[in-house]
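Report on the structure given below.
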Amino acid sequence: MKDLRTTPQPSNAPAPLKKALTTPLLYFFILGDVLGAGVYVLVGQVAADSGAAVWVPLVVALCLALLTAASYAELVTAYPRAGGASHYATLAYGPFAGFLAGFCMLAAGIVSVAALARGFAGDYLTEFVTLPVVLVVIVFLAALALLNARGIRESTRANAVATVIEVSGLLLVIGLGVWIVLRGDGDLGRLTQLGTDSHGPAAAVLSGAVLAYYSFVGFETSVNVAEETRDPRRSYPRALFGALITAGAVYALVGAAAAAAVPTDRLVSSSGPLLEVVREAGGVPTELFGAVALVAVANGALLTGIMSSRLAYGMARDGLLPGFLTKVLPGRRTPWAAIAATAALSLLLALTGDVATLASTLVLLLLVVFFLVNTAALVLRRRDTTARPDHFRAPTVVPLLGAASCVALATQIEREVWFRGLIVLAVGAACGAVAARRLRRRA
Numbered sequence: 047m048k049d050l051r052t053t054p055q056p057s058n059a060p061a062p063l064k065k066a067l068t069t070p071l072l073y074f075f076i077l078g079d080v081l082g083a084g085v086y087v088l089v090g091q092v093a094a095d096s097g098a099a100v101w102v103p104l105v106v107a108l109c110l111a112l113l114t115a116a117s118y119a120e121l122v123t124a125y126p127r128a129g130g131a132s133h134y135a136t137l138a139y140g141p142f143a144g145f146l147a148g149f150c151m152l153a154a155g156i157v158s159v160a161a162l163a164r165g166f167a168g169d170y171l172t173e174f175v176t177l178p179v180v181l182v183v184i185v186f187l188a189a190l191a192l193l194n195a196r197g198i199r200e201s202t203r204a205n206a207v208a209t210v211i212e213v214s215g216l217l218l219v220i221g222l223g224v225w226i227v228l229r230g231d232g233d234l235g236r237l238t239q240l241g242t243d244s245h246g247p248a249a250a251v252l253s254g255a256v257l258a259y260y261s262f263v264g265f266e267t268s269v270n271v272a273e274e275t276r277d278p279r280r281s282y283p284r285a286l287f288g289a290l291i292t293a294g295a296v297y298a299l300v301g302a303a304a305a306a307a308v309p310t311d312r313l314v315s316s317s318g319p320l321l322e323v324v325r326e327a328g329g330v331p332t333e334l335f336g337a338v339a340l341v342a343v344a345n346g347a348l349l350t351g352i353m354s355s356r357l358a359y360g361m362a363r364d365g366l367l368p369g370f371l372t373k374v375l376p377g378r379r380t381p382w383a384a385i386a387a388t389a390a391l392s393l394l395l396a397l398t399g400d401v402a403t404l405a406s407t408l409v410l411l412l413l414v415v416f417f418l419v420n421t422a423a424l425v426l427r428r429r430d431t432t433a434r435p436d437h438f439r440a441p442t443v444v445p446l447l448g449a450a451s452c453v454a455l456a457t458q459i460e461r462e463v464w465f466r467g468l469i470v471l472a473v474g475a476a477c478g479a480v481a482a483r484r485l486r487r488r489a
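When you read off a place in the sequence shown, starting at 1, and then add 46, the result is the number in the numbering used here.
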């Protein structure tokens, strides 16, 4: 059987991307994408579903995320190409499934960048200056696109700095929570309180884990820069698992600190639950968290923009999107056409403001992608029987459990979100059928 990874590239193949990412830069890339703006608002929402012991559903969500991450690590180290889930689904199931996976990722990424742009122009910014939302959105997205086009090294270095700021803010919350407990104003008993008036402990943990799972979303975007990583078979698993475990530890400590320091009803009712910890502790300017939140939002938008552009580039190279998206800058070898196209779509969504409907389907769309990735790992493992001792291989039960976890979490999503998500999936399926037909005609 022909080795899927060593098939010679035609002479007119798109120019390869520059390998510039080291293991530390990739680690910060993944960590920065996981530690996004969501953690600053999710703690209260998780507490509403699970009870005061917020750290429990966060740990459960980490374990579920690690299952799918293991499948990603196997596929990335075996097939290190931009395109990620789309490329793996294409190899395993054909162009239709590949397009559907890529479409879900691309739609989620574009909407996410648009939503983050609107978030950047919102209340956190008005803590410092009041500007027209349209102006802020245009300047914000243009700056992100230029940084993205300048180069992956420059983008990930900016991400490394932003990630340090984000983590410092979260560590501050942990430290303040410990201080509140030590001075006698906290309540460690809340750390064991699971369940709500409508859910018992087990159901509350599962319900809270759905929201907590969203806080780990972001690790999947790193597969789209695998082609720009030096020695991905060695670097990627280390960076991926290291970043997820780091994020999980930070999340669990933040959840425990917030729950012990602040009464649960205050966390639930606050749109900025971590700010409640700062207020309870005293002595730290609340404006500090406004600045940290702005950095978190900007960093999340930058990393998601990188993912979206590399995904569009990879899908175009596989023949699933128009070929002009494979154009790269001659000197910097960054996919400028894909960057421009995805940024323009994000700008359109951000300026119209109609992003809430698609944003609410983000988790559902990604669960579809994760299910395809977990099953693709099993399919490709059976198809490519050549021994590959140099790439990561997860135990067979891991991708099976990963696929099952996607189904389990999907059953917890509200009916209204399913309705909106099915509309997006129907559009993707229709476009995928067209793309698959076009590829069959070329064959």
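The beta carbon of each residue, even a glycine, is placed where N, CA and C say it ideally should be.
Boundaries of the alpha helix (DSSP H) in which Phe74 is found, first to last residue: Thr69 to Val80
Suppose you measure from the CA of Gly254 to the CA of Pro247; what does that come to, to the nearest Å? 10 Å
Less than 8 Å between the C-beta atoms of Val470 and Leu113, yes or no? no
Suppose only complete runs of 4+ residues qualify. What are the alpha helix (DSSP H) ranges in the stretch 232-263, listed by chain order? 247-260
For Leu321, count neighbouring Cβ atoms within 10 angstroms of its own Cβ and tell me buried if that reaches 16, exposed if not. buried
Take the Cβ of Asp79 as the centre, count every other Cβ of all protein chains shown within 10 Å, and call the residue buried at 16 or more, exposed below. buried
By the three-class DSSP mapping on this structure, what secondary structure does Thr407 have? Of the three classes helix, strand and coil, the one that applies to Thr407 here is coil, per DSSP.
Rounded to whole angstroms, what's the CA-CA distance from Leu415 to Ala147? Just pull it up for me. Looking at the sequence shown, residue 415 is not Leu but Val. Rounded to whole angstroms, the gap between the alpha carbons of Val415 and Ala147 is 5 Å.
What does the alpha-carbon distance come out to for the pair Leu228 and Ala208? 30 Å
Can you find the residues in the same chain that come closer than 7 Å, C-beta to C-beta, to Ser244, ignoring five residues on each side of it along the sequence? none
Residues in its own chain within less than 7 Å of Ile211 by CB, not counting five upstream and five downstream? Taking C-beta separations shorter than 7 Å and ignoring five residues to either side along the sequence, the partners of Ile211 in its chain run Val338 and Val341, following chain order.
Use the C-beta contact count for Pro319: other C-beta atoms within 10 angstroms, 16 or more gives buried, fewer gives exposed. Pro319 is classed as buried because its beta carbon has at least 16 other beta carbons within 10 Å across all chains shown.
Residues in the same chain with beta-carbon distance under 6 Å from Ala138, minus the five sequence neighbours each way, listed in chain order, please. Ala422, Val425 and Leu426
Once the 5 residues before and after Ile459 are set aside, which same chain residues still bring their CB inside 6 Å of it? Same-chain partners within the cutoff: Leu410.
Does the beta-carbon distance from Ala258 to Val463 come in below 8 Å? no
Pairs of beta-carbons, one from the stretch 148-165 and one from the stretch 281-289, closer than 8 Å: are there three or more? no
Between Ser117 and the rest of its own chain, which residues show a CB-CB distance below 6 Å, the 5 nearest in sequence each way excluded? Closer than 6 Å at Cβ, skipping near neighbours: Val419, Asn420, Ala423, Pro445 and Gly448.
Is the beta carbon of Leu67 less than 8 Å from the beta carbon of Arg276? yes
How many angstroms separate the CA atom of Gly221 from the CA atom of Ala295? 14 Å
Whose C-beta lies closer than 7 Å to the C-beta of Leu240 among residues of the same chain, with five residues either side of it excluded? Ser96, Gly97, Ala99, Val102, Pro247, Ala250 and Val251
Let me make sure I understand the geometry here. Which of Val263, Ala195, Ala306 and Leu187 has the alpha-carbon closest to that of Gly235? Nearest to Gly235 by alpha-carbon distance, out of Val263, Ala195, Ala306 and Leu187, is Ala306.
If you pair each beta-carbon of the stretch 156-168 with each one of the stretch 472-479, do three or more pairs fall below 8 Å? Cβ pair count under 8 Å is below three, so no.
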